[in-house]
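Here the structure is laid out as structure tokens; the discussion comes afterwards.
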Amino acid sequence: MNRLLPIQEILQNVCSNLDSASLFSMALTNKYLLEPSLDTLWRELDTFQALISCMPRDMWIVEDRTSSLSGWNIRKALYPARAVTLADLDRYITFYAQRIRSFKPYQAKQTVLSLEALEALHLATEELGPGALSPLLTKFEWPSPSDVGELIGEESAMAISRYMALFLGDNVTSLKFDVTIDVPLHKEALEKVIQRCSRLKIVEVGCYIPNPDRPFIETCITSYGQWKDLKTIQLPFISAGLARHLASLPSLKGLSILGYEEEPILFSDRNNPLGNDGSEFPSLQSLTLNGTTIPRITGLLRCLPRKTPIVELDFIAHGECSPSEFQEFIEAISHCCDPLAFTSINLVHHGIRGRYLAEEPLELDLRKEADISPFFVFKKLEVLKLSVKDVVRVTPETIAAIPTAFPKLVGLQLGSFPCNRHPRIDHTHFLYLLQNCPFLADLSIAFDTSSVTAETAEMAGSGASFPLEWLDLGNSPIYSPSQVLAFLVANCPNLTWLTPPDEIGPNLSIMKRRWQWVRDHWWDYYAAQNPGRVPRQRSWLF
Numbered sequence: 005m006n007r008l009l010p011i012q013e014i015l016q017n018v019c020s021n022l023d024s025a026s027l028f029s030m031a032l033t034n035k036y037l038l039e040p041s042l043d044t045l046w047r048e049l050d051t052f053q054a055l056i057s058c059m060p061r062d063m064w065i066v067e068d069r070t071s072s073l074s075g076w077n078i079r080k081a082l083y084p085a086r087a088v089t090l091a092d093l094d095r096y097i098t099f100y101a102q103r104i105r106s107f108k109p110y111q112a113k114q115t116v117l118s119l120e121a122l123e124a125l126h127l128a129t130e131e132l133g134p135g136a137l138s139p140l141l142t143k144f145e146w147p148s149p150s151d152v153g154e155l156i157g158e159e160s161a162m163a164i165s166r167y168m169a170l171f172l173g174d175n176v177t178s179l180k181f182d183v184t185i186d187v188p189l190h191k192e193a194l195e196k197v198i199q200r201c202s203r204l205k206i207v208e209v210g211c212y213i214p215n216p217d218r219p220f221i222e223t224c225i226t227s228y229g230q231w232k233d234l235k236t237i238q239l240p241f242i243s244a245g246l247a248r249h250l251a252s253l254p255s256l257k258g259l260s261i262l263g264y265e266e267e268p269i270l271f272s273d274r275n276n277p278l279g280n281d282g283s284e285f286p287s288l289q290s291l292t293l294n295g296t297t298i299p300r301i302t303g304l305l306r307c308l309p310r311k312t313p314i315v316e317l318d319f320i321a322h323g324e325c326s327p328s329e330f331q332e333f334i335e336a337i338s339h340c341c342d343p344l345a346f347t348s349i350n351l352v353h354h355g356i357r358g359r360y361l362a363e364e365p366l367e368l369d370l371r372k373e374a375d376i377s378p379f380f381v382f383k384k385l386e387v388l389k390l391s392v393k394d395v396v397r398v399t400p401e402t403i404a405a406i407p408t409a410f411p412k413l414v415g416l417q418l419g420s421f422p423c424n425r426h427p428r429i430d431h432t433h434f435l436y437l438l439q440n441c442p443f444l445a446d447l448s449i450a451f452d453t454s455s456v457t458a459e460t461a462e463m464a465g466s467g468a469s470f471p472l473e474w475l476d477l478g479n480s481p482i483y484s485p486s487q488v489l490a491f492l493v494a495n496c497p498n499l500t501w502l503t504p505p506d507e508i509g510p511n512l513s514i515m516k517r518r519w520q521w522v523r524d525h526w527w528d529y530y531a532a533q534n535p536g537r538v539p540r541q542r543s544w545l546f
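In structure tokens:
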């Protein structure tokens with residue numbers, strides 16, 4: 005073992021898997037363990053505590069602050085007790101500052117630096133230039149002034165962003181920030197940072213503040229930044245100008261728009277702000293949209309050139325969606341994604357409040373349900389999750405086509421639950437999927453269990469090799485819980501999670517109780533077969 009200690013790669017790997025207490029112990033154990041242990045301890049910080057502990061105690065006056073949200077939670081704000089000199093910081097700068105790679109000041113708010121403390125540190129380190137307190141920092145997250153107002157005072161919070169440069173040097177590649185209206189010093193500081201940081205690969209603009217400054221954000225992205233290396237960007241909104249600029253970036257691989265609900269209809273066949281020369285988004289692999297409607301998502305997808313390099317689509321949508329609108333959504337994806345590259349579609353549709361309780365019309369035309377066959381060209385598809393209610397056609401013919409269409413399928417969901425309609429597939433189609441999709445680990449689908457008997461469970465049971473781990477049964481009809489349990493034990497021995505249907509209305513109560521019985525007895529079986537293993541563990545994460 006001692007011969008392996010000088011090998012830095014081994015030590016770094018060991019340290020990366022230890023908690024802080026173990027790292028402290030390792031640092032004191034052996035001279036070879038000191039540096040890698042300290043590197044790991046200092047690599048990612050979300051508090052000022054480590055910095056403060058390296059400085060003379062007589063530098064600070066400590067004031068207790070009580071959070072207005074939780075009166076028992078007392079935080080500490082530090083103010084300078086005297087002038088700070090470079091000599092006061094020598095130990096920190098010499099031994100620790102260069103180890104920091106990720107810093108989220110004010111994230112953990114137990115002990116914070118006041119505006120005056122930051123000014124004192126700035127005066128002491130001015131000759132060292134930007135990034136004096138973390139010169140090799142690569143990932144930086146700066147809070148919104150509103151987040152720190154109760155800790156250091158609202159007036160001080162408005163000016164605190166002037167001191168970002170204490171930590172933010174020229175090596176930063178990942179930057180996360182918020183922009184609220186009416187904080188000019190915050191915006192001025194951000195403008196300078198974005199103009200200076202030419203190596204940015206990841207930019208995240210906070211998406212959950214009430215009033216983001218949209219004109220400033222758009223100007224930052226389209227005018228200030230040097231984005232030739234930008235690979236991932238997250239924004240709280242999209243506009244025609246932003247879309248045009250982002251579409252021209254040569255290295256952009258990931259685009260997330262997490263506040264799309266209030267936007268006007270910017271994208272459609274007749275209104276394409278991107279142009280149509282086929283060069284838009286040359287490297288885009290991942291697109292995420294949150295908080296809009298499916299027709300608006302369809303409009304954006306139609307503006308993309310054919311066969312973009314997109315690998316992954318992730319959408320959270322709301323509002324009504326008819327089968328015909330969903331069919332247009334499916335066809336838009338088949339239009340813009342490359343069959344040789346596309347691997348994942350995940351749609352969560354929240355629908356309309358109260359819709360799950362609404363009674364269906366007296367007459368339904370099931371021929372109008374959306375057909376997923378346009379997806380069958382995507383032979384590399386691994387995840388197909390369409391959590392949308394009552395619009396996707398799931399028939400024996402659909403199930404029969406899936407294994408051939410998606411030979412690498414790992415996750416499948418067709419429809420959201422609860423669903424008002426009786427499933428048109430039964431346990432034989434469920435087994436067909438398991439037998440012919442060798443990688444299927446996560447399945448959400450409703451099927452009729454009324455034909456399941458002890459005999460069919462015994463005859464079908466050969467599922468020891470099936471990798472299925474998570475099963476969401478929706479509101480699958482069930483009449484004999486004991487026989488369904490025997491069927492699942494025989495065919496799904498690797499399940500780590502079983503989701504029964506949600507109960508909506510009194511008419512489903514007996515079905516709910518039957519499925520609850522199955523799940524309770526399944527856990528007994530699981531515990532006996534897997535001592536020490538925790539349910540819900542997944543080997544595949546979606």
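If you read the sequence shown in our numbering, its first letter stands for residue 5, the second for the next number, and so on.
All C-beta atoms, glycine included, are put in the ideal place defined by N, C-alpha and C.
Given the structure is predicted, the values throughout are model-derived calculations rather than measurements.
ask   = My guess is that residue 172 and residue 144 are in contact by the Cβ rule of under 8 Å, so how many angstroms apart are they, rounded?
value = Here the question's residue 172 lines up with position 168 in the sequence shown. Here the question's residue 144 lines up with position 140 in the sequence shown. Confirmed, about 5 Å.
message = Below 8 Å on the Cβ atoms is my contact criterion, and I expect residue 482 with residue 437 to pass it. Report the Cβ-Cβ distance as a whole number of Å.
response = Residue mapping note: residue 482 aligns to position 478 of the sequence shown, counting from 1. Residue mapping note: residue 437 aligns to position 433 of the sequence shown, counting from 1. About 19 Å separates the two Cβ atoms, so there is no contact after all.
inquiry  = Cutting at 7 Å between CB atoms, please list the residues of its own chain near residue 374, excluding the five before and the five after it.
reply    = Sequence index remark: in the sequence shown, residue 374 carries index 370 (1-based). Within the same chain, residue 374 has close Cβ partners 327, 330, 331, 334, 395, 396 and 397.
request  = Within 10 angstroms of the Cβ of residue 443, are there 16 or more other Cβ atoms? Answer buried if so, exposed if not.
outcome  = Numbered from 1 along the sequence shown, position 439 holds the residue referred to as residue 443. Residue 443 comes out exposed.
task = Identify the continuous beta strand (DSSP E) that holds residue 238 and give its terminal residues.
result = Residue 238 sits at position 234 when you count from the first residue of the sequence shown. It spans 236 to 239 - the beta strand (DSSP E) in which residue 238 sits, taken as one unbroken run.
message = Quick check: what's the CA-CA separation for residue 341 versus residue 386?
response = Counting from 1 along the sequence shown, the entry for residue 341 is found at position 337. Counting from 1 along the sequence shown, the entry for residue 386 is found at position 382. Whole-angstrom Cα-Cα distance: 14 Å.
Assigned secondary structure, residue 105 (DSSP; H/G/I helix, E/B strand, else coil) = Here the question's residue 105 lines up with position 101 in the sequence shown. In the structure shown, residue 105 sits in coil (DSSP, three-state: anything other than H, G, I, E or B).
query = Where does residue 212 land, buried or exposed, given buried means 16+ other C-beta within 10 angstroms?
reply = Within the sequence shown, the letter at position 208 stands for residue 212. Exposed is the call here.
query = Out of curiosity, what's the CA-to-CA distance linking residue 323 and residue 298?
reply = The residue you call residue 323 lines up with position 319 of the sequence shown. The residue you call residue 298 lines up with position 294 of the sequence shown. Taking the straight line from one Cα to the other gives about 8 Å.
message = So, with DSSP's three-state summary, where would you put residue 455?
response = For this step, residue 455 is matched to residue 451 along the sequence shown. Coil.
Option nearest residue 224 by Cα separation, candidates 119, 477, 504 and 200 = In the sequence shown, counting from the first residue as 1, residue 224 sits at position 220. The option with the nearest alpha carbon to residue 224 is 200.
ask   = Got a sec, what are the start and stop residues for the alpha helix (DSSP H) residue 230 sits in?
value = For the purposes of this step, residue 230 is taken as the residue at position 226 of the sequence shown. Unbroken run through residue 230: none, as it is neither H nor E.
message = When you compare the CB positions of residue 121 and residue 83, do they come within less than 9 Å of one another, or not?
response = For the purposes of this step, residue 121 is taken as the residue at position 117 of the sequence shown. For the purposes of this step, residue 83 is taken as the residue at position 79 of the sequence shown. Yes; because the gap between Cβ atoms is below 9 Å, this pair is in contact.
request  = With DSSP collapsed to three states, give me the class of residue 483.
outcome  = Position 479 of the sequence shown, counting from 1, holds the residue named residue 483. Note: residue 483 maps to coil in three-state DSSP.
task = Compare the C-alpha of residue 518 against each of 250, 487, 60 and 446 and name the closest.
result = Sequence index remark: in the sequence shown, residue 518 carries index 514 (1-based). Among 250, 487, 60 and 446, the Cα nearest to that of residue 518 is on 487.
message = Once DSSP output is grouped into helix, strand and coil, what is the label at residue 50?
response = One-based indexing of the sequence shown puts residue 50 at position 46. Residue state, collapsed to three classes: coil.
request  = Could you round the C-beta distance between residue 216 and residue 236 to whole angstroms and report it? I think they count as a contact, below 8 Å.
outcome  = In the sequence shown, counting from the first residue as 1, residue 216 sits at position 212. In the sequence shown, counting from the first residue as 1, residue 236 sits at position 232. Actually they do not touch by this definition, with Cβ atoms about 19 Å apart.
inquiry  = Which of the three DSSP states is assigned to residue 182 in this structure?
reply    = Residue mapping note: residue 182 aligns to position 178 of the sequence shown, counting from 1. Three-state result, residue 182: coil.
task = Kindly identify the DSSP beta-bridge partner or partners of residue 2.
result = Absent from the structure is residue 2, since the part of the chain shown begins at 5 and ends at 546.
message = Run through the DSSP bridge pairs and tell me what residue 84 is partnered with.
response = Position 80 of the sequence shown holds residue 84. Residue 84 pairs with 64.
task = Please name the residue, chosen from 497, 514 and 479, that lies closest to residue 503 on a Cα-to-Cα basis.
result = For the purposes of this step, residue 503 is identified with residue 499 of the sequence shown, where counting begins at 1. Taking only the C-alpha atoms, the option nearest residue 503 is 479.
task = Report the option in 186, 221, 222 and 230 whose CA atom is closest to the CA atom of residue 205.
result = For the purposes of this step, residue 205 is taken as the residue at position 201 of the sequence shown. For the residues 186, 221, 222 and 230, the minimum Cα distance to residue 205 belongs to 230.
First through last residue of the alpha helix (DSSP H) which encompasses residue 128 = Counting from one through the sequence shown, the residue named residue 128 turns up at place 124. Where residue 128 is concerned, the enclosing alpha helix (DSSP H) stretches over 119 to 129.
task = Look up residue 69 in the DSSP assignment and give the residues it is bridged to.
result = Walking along the sequence shown from the start, residue 69 turns up at place 65. 79.
request  = Given a cut-off of 9 Å, decide if residue 247 and residue 307 are closer than it, judged by their beta-carbon atoms.
outcome  = In the sequence shown, counting from the first residue as 1, residue 307 sits at position 303. In the sequence shown, counting from the first residue as 1, residue 247 sits at position 243. Yes, Cβ-Cβ distance for residue 307 and residue 247 is below 9 Å.
ask   = CA-CA distance, residue 292 and residue 313?
value = Mapped onto the sequence shown, residue 292 falls at position 288. Mapped onto the sequence shown, residue 313 falls at position 309. Going by the C-alpha atoms only, they are around 15 Å apart.
inquiry  = Quick check on the DSSP output: the alpha helix (DSSP H) that includes residue 440 runs from which residue to which?
reply    = Stepping through the sequence shown from its first residue, residue 440 is reached at position 436. Its alpha helix (DSSP H) spans residues 431 to 440.
ask   = To the nearest angstrom, how far is it from the Cα of residue 547 to the Cα of residue 489?
value = With the chain covering 5 to 546 only, the question about residue 547 has no answer from this structure.
request  = Using only alpha-carbon positions, find the residue among 411, 281, 391 and 371 that is nearest to residue 380.
outcome  = One-based indexing of the sequence shown puts residue 380 at position 376. Among 411, 281, 391 and 371, the Cα nearest to that of residue 380 is on 411.
message = Would residue 131 and residue 90 qualify as a contact pair, given that the criterion is a beta-carbon distance under 9 Å?
response = Walking along the sequence shown from the start, residue 131 turns up at place 127. Walking along the sequence shown from the start, residue 90 turns up at place 86. Yes; because the gap between Cβ atoms is below 9 Å, this pair is in contact.
inquiry  = I'd like to know whether the C-beta of residue 35 is nearer than 9 Å to at least one C-beta of chain D.
reply    = In the structure shown, chain D does not exist; there is a single protein chain.
Distance between residue 301 and residue 339 (C-alpha atoms, nearest Å) = For the purposes of this step, residue 339 is taken as residue 335 along the sequence shown, with counting starting at 1. For the purposes of this step, residue 301 is taken as residue 297 along the sequence shown, with counting starting at 1. So the two alpha carbons sit approximately 13 Å from each other.
ask   = Near residue 522, which residues of its chain fall below 6 Å by C-beta distance, leaving aside the five closest residues on each side in sequence?
value = Counted from its first residue, the sequence shown places residue 522 at position 518. Around residue 522: 485, 488 and 489.
query = According to DSSP, is residue 446 helix, strand or coil?
reply = Position 442 of the sequence shown, counted from the start, is the residue given in the question as residue 446. Residue 446: strand per DSSP, three-state reduction.
ask   = How would you call residue 527, buried or exposed, if buried means at least 16 neighbouring beta carbons within 10 angstroms?
value = Counting from 1 along the sequence shown, the entry for residue 527 is found at position 523. Exposed, because fewer than 16 other Cβ atoms sit within 10 Å of the Cβ of residue 527.
request  = Identify whether residue 386 lies in helix, strand or coil by the three-state DSSP scheme.
outcome  = As a working mapping, residue 386 is identified with position 382 in the sequence shown. Reduced to three states, the DSSP call for residue 386 is coil.
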